[in-house]
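Visitor: Protein chains in written order, with our numbering: chain A, 1 to 160; chain B, 161 to 320; chain C, 321 to 480; chain D, 481 to 640. Beta carbons are placed, not taken as given, at the ideal position from N, Cα and C, and that holds for glycine. As the structure is a prediction and not an experimental result, all values here were calculated from the model.
Written out as structure tokens, the structure is:
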């Protein structure tokens with residue numbers, strides 16, 4: 001986990017955003033980006049991992065899988081779980097990102113008998129088919145109910 | 161598609177619900193169930209198809225795939241698309257269903273240049289891993305932005 | 321609460337749906353509507369209450385409020401809470417319902433220190449502005465993390 | 481709108497994130513924060529505006545309203561609309577943000593007759609009741625189906 005460097009990044013981002021904020025802005029804080037943390041998914045279990053080819057055939061459905069806890073399993077209990085994974089795509093040479101999909105994970109073991117009694121759990125991993133005719137970068141975000149917001153990114157290119 | 165019989169079902173449900181509605185109720189209609197339609201997914205492209213084993217090993221992650229348009233492809237354009245798929249599970253011998261997961265599909269080709277110009281599309285098919293220690297019934301629901309609510313169900317059993 | 325009559329309704333619906341199900345259908349259960357319960361919101365704390373005028377001015381933004389626990393407060397703790405409220409609208413003389421909005425309530429007191437330690441809670445009540453040129457029926461649905469799916473409905477008319 | 485300075489900020493953030501990225505990282509881009517834009521809501525119609533008291537009574541339900549297009553109305557048509565508003569809260573002296581709520585706006589005029597034929601629209605404005613015992617910062621985010629991700633923030637304090 002990159003807590004140390006993430007914290008320094010956040011501080012620098014705060015400074016930069018403050019510097020470019022409009023006069024009269026009521027924004028009292030760094031942007032929402034400072035809320036997200038990342039790191040090496042092999043050691044930090046919260047980081048979403050994007051698995052897909054690095055080359056997409058233009059316009060062809062291609063499976064994209066996003067997993068939280070791919071190497072080190074994330075807990076999935078009534079008290080500690082991944083609430084959602086959201087996937088974005090920023091086309092190259094564009095500043096306008098698109099939301100691809102948003103996935104809520106709702107079953108985490110609770111029932112009227114108490115926490116972790118239902119036996120029902122949905123794991124924080126999803127697969128969808130995505131089509132694109134342009135290269136760009138996927139951004140995966142994830143939310144842990146007690147450890148906040150996490151992110152990762154993966155660039156892809158297009159082959160005709 | 162079961163438009164005919166679905167409509168008759170809806171009418172009958174309206175009559176039954178009206179008959180059992182509480183005195184003073186302001187409910188002027190059948191329950192939300194009457195909003196959902198179903199049919200044979202091989203001929204009706206809106207019906208979500210649940211693919212998974214019919215036997216789950218107790219507590220083992222098992223992949224469940226839900227597809228809209230499995231046999232007859234559903235359109236995926238800026239004007240006509242599947243907005244979401246939501247998956248529920250009702251344990252046998254229970255009247256309390258659980259939401260398993262909710263999946264929003266957000267990219268349907270629109271951009272600042274107009275409908276169907278971005279080249280980006282996410283298809284209405286998802287896969288998740290689910291664990292259960294009890295048998296029950298999956299319910300998949302889907303929403304088409306212009307053709308409303310659709311549903312299907314699939315029962316599973318447990319092997320130890 | 322209408323547990324008794326609701327149960328009878330469910331049984332009858334099962335019979336009807338079975339009767340109209342397509343040959344070869346793998347659907348092993350009544351439709352998703354049988355998963356929803358309703359009742360008198362003054363005594364049953366789970367029933368969503370739709371508050372809005374019964375007459376909408378055609379095309380004018382009109383506030384619709386949906387509340388779970390309006391008379392008898394629903395618990396809002398890390399172990400027992402309302403996860404979401406979803407609002408639909410069925411135009412009169414149509415069989416195609418529309419989703420109006422979907423509201424997820426995410427903060428229920430949990431933190432890294434354990435359940436009910438964060439002091440942060442969002443209550444199960446929302447307000448949105450809706451415009452329509454046609455009469456119809458609102459359907460509100462809500463999900464309790466341990467008591468399942470609930471519904472209510474409210475008809476509106478249009479004044480020019 | 482801060483397109484110019486936003487772009488420069490993004491470039492600097494890219495450089496910083498690259499500098500602190502772990503060895504072997506596959507992250508090919510700046511963090512997700514660089515995808516969000518902000519500005520003065522009085523001139524930029526996409527910026528979400530958070531309206532609530534700046535002082536919350538500890539533990540008391542307090543209404544928070546988030547509006548996109550508060551001063552300059554944002555379009556709400558089948559081709560151009562606000563898809564969602566999401567609200568976060570970062571407690572002071574914490575690095576772990578919480579999602580408060582997520583609001584999807586689903587009705588934007590489309591029907592089987594084509595774009596902008598249903599007469600049904602939900603506007604990009606929501607109100608919820610939130611309780612907190614600690615001061616912190618709200619972050620509101622919003623997504624326009626063709627103009628991407630937007631954000632704003634508002635700090636609050638606590639009075640006992």
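In chain C, which residues lie with their C-beta within 7 Å of the C-beta of residue 145(A)?
Guide: In the first chain, counting from the first residue as 1, residue 145(A) sits at position 145. Result: 430.
Visitor: Given this structure, state the Cα-to-Cα distance separating residue 403(C) from residue 461(C), to the nearest angstrom.
Guide: As a position in the third chain, residue 403(C) is number 83, starting the count at 1. As a position in the third chain, residue 461(C) is number 141, starting the count at 1. C-alpha separation (whole angstroms): 11 Å.
Visitor: Is residue 313(B) close to chain A? Criterion is C-beta to C-beta, closer than 8 Å.
Guide: Here the question's residue 313(B) lines up with position 153 in the second chain. Chain A, which has no Cβ nearer than 8 Å to the Cβ of residue 313(B), makes this no.
Visitor: Pull up the distance between the alpha-carbon of residue 245(B) and that of residue 65(A), whole angstroms please.
Guide: Taking the second chain and counting its residues from 1, one reaches residue 245(B) at position 85. Taking the first chain and counting its residues from 1, one reaches residue 65(A) at position 65. Approximately 17 Å between the Cα atoms of the pair.
Visitor: What does the Cβ neighbour count give for residue 324(B), buried or exposed, with the cut at 16 atoms within 10 Å?
Guide: With chain B represented from 161 up to 320, any question about residue 324(B) goes unanswered, as that position is not in the structure.
Visitor: Using a beta-carbon distance below 8 Å, is residue 59(A) in contact with chain B?
Guide: Here residue 59(A) refers to the residue found at position 59 when the first chain is read from its first residue. Yes, residue 59(A) lies at the interface with chain B (some Cβ there is under 8 Å from its Cβ).
Visitor: Helix, strand or coil for residue 195(B), going by three-state DSSP, please let me know.
Guide: Translated into positions along the second chain, residue 195(B) becomes position 35. Three-state DSSP puts residue 195(B) in a helix.
Visitor: Per DSSP, residue 446(C) is paired with what?
Guide: Counting from one through the third chain, the residue named residue 446(C) turns up at place 126. Looking at the DSSP assignment, residue 446(C) forms a beta bridge with 386(C).
Visitor: Using CA coordinates, which residue listed in 303(B), 299(B), 293(B), 263(B) is at the minimum distance from residue 317(B)?
Guide: Taking the first residue of the second chain as position 1, residue 317(B) is located at position 157. The candidate whose alpha carbon is nearest that of residue 317(B) is 293(B).
Visitor: Please report whether the beta-carbon of residue 373(C) lies at a distance below 8 Å from any beta-carbon of chain A.
Guide: Taking the first residue of the third chain as position 1, residue 373(C) is located at position 53. Taking Cβ atoms only, chain A never reaches closer than 8 Å to residue 373(C), which makes this a no.
Visitor: Are residue 313(B) and residue 299(B) close, meaning C-beta to C-beta below 8 Å?
Guide: For this step, residue 313(B) is matched to residue 153 along the second chain. For this step, residue 299(B) is matched to residue 139 along the second chain. It is a contact, given that the beta carbons lie within the stated cut-off.
Visitor: Considering only DSSP beta bridges, list what residue 420(C) is partnered with.
Guide: The residue you call residue 420(C) lines up with position 100 of the third chain. The partner list for residue 420(C) (beta bridge, DSSP) is empty, contrary to what the question assumes.
Visitor: Please confirm if residue 551(D) has its CB atom under 8 Å from at least one CB of chain B.
Guide: The residue given as residue 551(D) occupies position 71 in the fourth chain. Chain B contact via Cβ: absent.
Visitor: Please classify residue 309(B) as buried or exposed, where buried requires at least 16 other C-beta atoms within 10 Å of its C-beta.
Guide: The count along the second chain starts at 1 and reaches residue 309(B) at position 149. Classification of residue 309(B): buried, given that the 10 Å Cβ count is 16 or more.
Visitor: Return the CA-CA distance between residue 585(D) and residue 510(D), expressed in angstroms with no decimal places.
Guide: Position 105 of the fourth chain holds residue 585(D). Position 30 of the fourth chain holds residue 510(D). Those two C-alpha atoms are separated by around 29 Å.
Visitor: Excluding the five sequence neighbours on either side, which residues of its own chain have a C-beta within less than 6 Å of the C-beta of residue 624(D), listed in chain order?
Guide: Here the question's residue 624(D) lines up with position 144 in the fourth chain. The residues are 526, 562.
Visitor: Using a Cβ-Cβ distance under 8 Å, would residue 444(C) count as near chain A?
Guide: Here residue 444(C) refers to the residue found at position 124 of the third chain. Answer no: the Cβ-Cβ gap between residue 444(C) and chain A never drops below 8 Å.
Visitor: Closer than 8 Å by beta-carbon distance: list the chain C residues that pair up with residue 609(D), in chain order.
Guide: In the fourth chain, residue 609(D) corresponds to position 129, counting from 1. Here the neighbours are 442, 443, 445.
Visitor: Over what stretch of residues does the beta strand (DSSP E) that includes residue 637(D) continue unbroken?
Guide: Here residue 637(D) refers to the residue found at position 157 of the fourth chain. First-last of the beta strand (DSSP E) with residue 637(D): 628-639.
Visitor: In angstroms with no decimal places, state the Cα-to-Cα distance between residue 280(B) and residue 272(B).
Guide: What you label residue 280(B) is simply residue 120 of the second chain in a count that begins at 1. What you label residue 272(B) is simply residue 112 of the second chain in a count that begins at 1. Cα-Cα distance, rounded: 13 Å.
Visitor: Can the beta-carbon of residue 261(B) be found less than 8 Å from the beta-carbon of residue 288(B)?
Guide: For the purposes of this step, residue 261(B) is identified with residue 101 of the second chain, where counting begins at 1. For the purposes of this step, residue 288(B) is identified with residue 128 of the second chain, where counting begins at 1. In contact: residue 261(B) and residue 288(B) (Cβ atoms closer than 8 Å).
Visitor: Using only alpha-carbon positions, find the residue among 435(C), 417(C), 382(C), 393(C) that is nearest to residue 451(C).
Guide: Against the third chain, residue 451(C) aligns to sequence position 131. Closest by alpha carbon: 382(C).
Visitor: Classify residue 237(B) as buried or exposed, calling it buried when 16 or more other Cβ atoms lie within 10 Å of its own Cβ.
Guide: As a position in the second chain, residue 237(B) is number 77, starting the count at 1. Counting Cβ neighbours within 10 Å, residue 237(B) comes out exposed, since fewer than 16 surround it.
Visitor: Got a sec? Which residues, its chain only, sit under 6 Å from residue 232(B) by beta carbon, not counting five neighbours each side?
Guide: Along the second chain, one-based indexing puts residue 232(B) at 72. Excluding positions up to five away in sequence, the list reads 205.
Visitor: Considering only the alpha carbon of each residue, which of 540(D), 549(D), 598(D) lies closest to residue 631(D)?
Guide: Residue mapping note: residue 631(D) aligns to position 151 of the fourth chain, counting from 1. Per the Cα distances, 549(D).
Visitor: Could you tell me whether any Cβ in chain C is nearer than 8 Å to the Cβ of residue 42(A)?
Guide: Taking the first residue of the first chain as position 1, residue 42(A) is located at position 42. No, residue 42(A) lies away from the interface with chain C (no Cβ there is under 8 Å from its Cβ).
Visitor: Quick one: what does DSSP say residue 322(B) is sitting in, helix, strand or coil?
Guide: Because chain B spans 161 through 320 in this model, residue 322(B) falls outside it and cannot be assessed.
Visitor: Please decide whether residue 74(A) counts as near chain C, where near means a Cβ-Cβ distance under 8 Å.
Guide: Within the first chain, numbered from 1, the residue matching residue 74(A) stands at position 74. Residue 74(A) does not count as touching chain C.
Visitor: Mark residue 598(D) as exposed unless 16 or more other C-beta atoms lie within 10 angstroms of its C-beta, in which case mark it buried.
Guide: For this step, residue 598(D) is matched to residue 118 along the fourth chain. It counts as buried.
Visitor: Residues of chain C with CB closer than 7 Å to the CB of residue 189(A), please, in chain order.
Guide: The requested residue 189(A) does not occur in the structure, where chain A is confined to residues 1 to 160.
Visitor: Note down the Cα distance separating residue 256(B) from residue 400(C), rounded to an integer number of angstroms.
Guide: Here residue 256(B) is taken as the residue at index 96 of the second chain, counted from 1. Here residue 400(C) is taken as the residue at index 80 of the third chain, counted from 1. Whole-angstrom Cα-Cα distance: 14 Å.
Visitor: Cβ of residue 418(C) within 8 Å of Cβ of residue 193(B)?
Guide: Stepping through the third chain from its first residue, residue 418(C) is reached at position 98. Stepping through the second chain from its first residue, residue 193(B) is reached at position 33. Result no, Cβ atoms of residue 418(C) and residue 193(B) do not sit closer than 8 Å.
Visitor: Could you give the distance in angstroms between the alpha-carbon of residue 270(B) and the alpha-carbon of residue 569(D)?
Guide: Working through the second chain from its first residue, we reach residue 270(B) at position 110. Working through the fourth chain from its first residue, we reach residue 569(D) at position 89. If I take the Cα positions, the gap works out to 31 Å.
Visitor: DSSP on residue 666(D), reduced to helix/strand/coil?
Guide: What the structure shows of chain D is the stretch from 481 to 640, and residue 666(D) is not part of that stretch, so it cannot be assessed.
Visitor: With 16 other CB atoms within 10 Å as the buried threshold, where does residue 467(C) fall?
Guide: Numbered from its first residue, the third chain carries residue 467(C) at position 147. Buried.
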